[in-house]
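K.L.:
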Amino acid sequence: MPEQQLLMTTVVWRLIVVLFLVYRPTSSAFSGTHDKVELTTTVLTTPATVWKRPPIAYDRDLVIELIEAADYPIEKHVLTTSDGYILKLHRIPDPVQFPSAEQPITTNNDPDELLRFTPNKTFRGTVLLVPGLFSTAADFVVTGPENGLAFVLADAGYDVWLANVRGSRFSRKNVKLSVTDSEFWDFR
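In mature numbering (1 follows the signal peptide of the UniProt record, and there is no 0), the protein residues as written are -29 to -1, 1 to 159.
Right under this line is the structure:
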């Protein structure tokens, strides 16, 4: 029985490789801004295409861009911990207190329509969203105002704070250490 499973696994993987070679995307199908790098090998492996990402601009704040693009109010806060880590926090303030100037409040007499920033919504409290390992606060807004957890909570009347943990893309600074120092990554 294990020999049959091994045979089936081998056959399936070879079919996947053949399908990939036949139906692989061309460079014209890719509309991104990344540089294309072709890798060739003499070993019995499939040729691979690697997309080389441009360097990340750490001063560019994706979280702010995404929240502003969705027409929500946004604040950026910088906090220094007792051990010198400089962390960025983002806040979507209570939408009842900070309504969007461009967002209409009328419902067109449709009681089922849920609108952002309407006066009838009450302040429910404050929520702190902390991303998991290898994640950033952008994870809570990247899916847009209809599905992003931060937006959904703001629409429900919460004051939403988005944290970035030390070492993440938006919190890679320390008053004494550099990211190349091993002590920087020792989060005890």
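We treat Cβ as the ideally placed atom computed from N, Cα and C, and that holds for glycine.
1) Return the CA-CA distance between residue 119 and residue 40, expressed in angstroms with no decimal places.
2) Could you please give me the residues that DSSP links to residue 145 through a beta bridge?
3) Between 127, 32, 140, 145, which lies nearest to residue 102 when the distance is taken from Cα to Cα?
4) Less than 9 Å between the beta carbons of residue 37 and residue 134, yes or no?
5) Does the beta-carbon distance from residue 45 to residue 62 come in below 9 Å?
6) Taking 7 Å as the limit between beta carbons, can you name the residues of its chain near residue 121, skipping five residues before and five after?
7) Based on DSSP bridge pairs, tell me the residues matched to residue 46.
8) Note the first and the last residue of the continuous beta strand (DSSP E) segment covering residue 99.
9) Can you give me the C-alpha to C-alpha distance between residue 142 and residue 150, rounded to a whole angstrom?
10) Quick one, which of 105, 117, -27 has its alpha-carbon nearest residue 156's?
11) At the level of alpha carbons, what is the spacing between residue 124 and residue 95?
12) Can you tell me whether residue -21 is helix, strand or coil according to DSSP?
13) Determine the DSSP secondary structure at residue 130, reduced to helix, strand or coil.
14) Whose CA, out of 148, 97, 136, -24, lies closest to the CA of residue 65?
P.N.:
Let's see:
1) Your numbering for residue 119 matches position 148 in the sequence shown. Your numbering for residue 40 matches position 69 in the sequence shown. If you take the alpha carbons of residue 119 and residue 40, they lie about 13 Å apart.
2) Translated into positions along the sequence shown, residue 145 becomes position 174. Partner(s): 56.
3) Numbered from 1 along the sequence shown, position 131 holds the residue referred to as residue 102. It is 140.
4) As a first step, residue 37 is located in the sequence shown; it is residue number 66 there, counting from the start. As a first step, residue 134 is located in the sequence shown; it is residue number 163 there, counting from the start. Their beta carbons are not under 9 Å apart, which means residue 37 does not touch residue 134 by this criterion.
5) For the purposes of this step, residue 45 is taken as the residue at position 74 of the sequence shown. For the purposes of this step, residue 62 is taken as the residue at position 91 of the sequence shown. Judged by beta-carbon spacing, residue 62 lies within the 9 Å limit of residue 45, meaning their Cβ atoms are closer than that value.
6) The residue given as residue 121 occupies position 150 in the sequence shown. 63, 100, 111, 112, 131, 133.
7) In the sequence shown, the residue the question calls residue 46 occupies position 75. For residue 46, which the question treats as bridged, DSSP gives the partners 62.
8) In the sequence shown, counting from the first residue as 1, residue 99 sits at position 128. That run of the beta strand (DSSP E) goes 96 to 100.
9) Position 171 of the sequence shown holds residue 142. Position 179 of the sequence shown holds residue 150. Taking the straight line from one Cα to the other gives about 10 Å.
10) Numbered from its first residue, the sequence shown carries residue 156 at position 185. For residue 156, the nearest C-alpha among the options comes from 105.
11) Here residue 124 refers to the residue found at position 153 of the sequence shown. Here residue 95 refers to the residue found at position 124 of the sequence shown. Whole-angstrom Cα-Cα distance: 10 Å.
12) The sequence position of residue -21 within the sequence shown is 9, counting from 1. If DSSP states are grouped into helix, strand and coil, residue -21 belongs with the helices.
13) For this step, residue 130 is matched to residue 159 along the sequence shown. Strand.
14) As a first step, residue 65 must be located in the sequence shown, where it is residue number 94. It is 97 whose Cα lies nearest to the Cα of residue 65.
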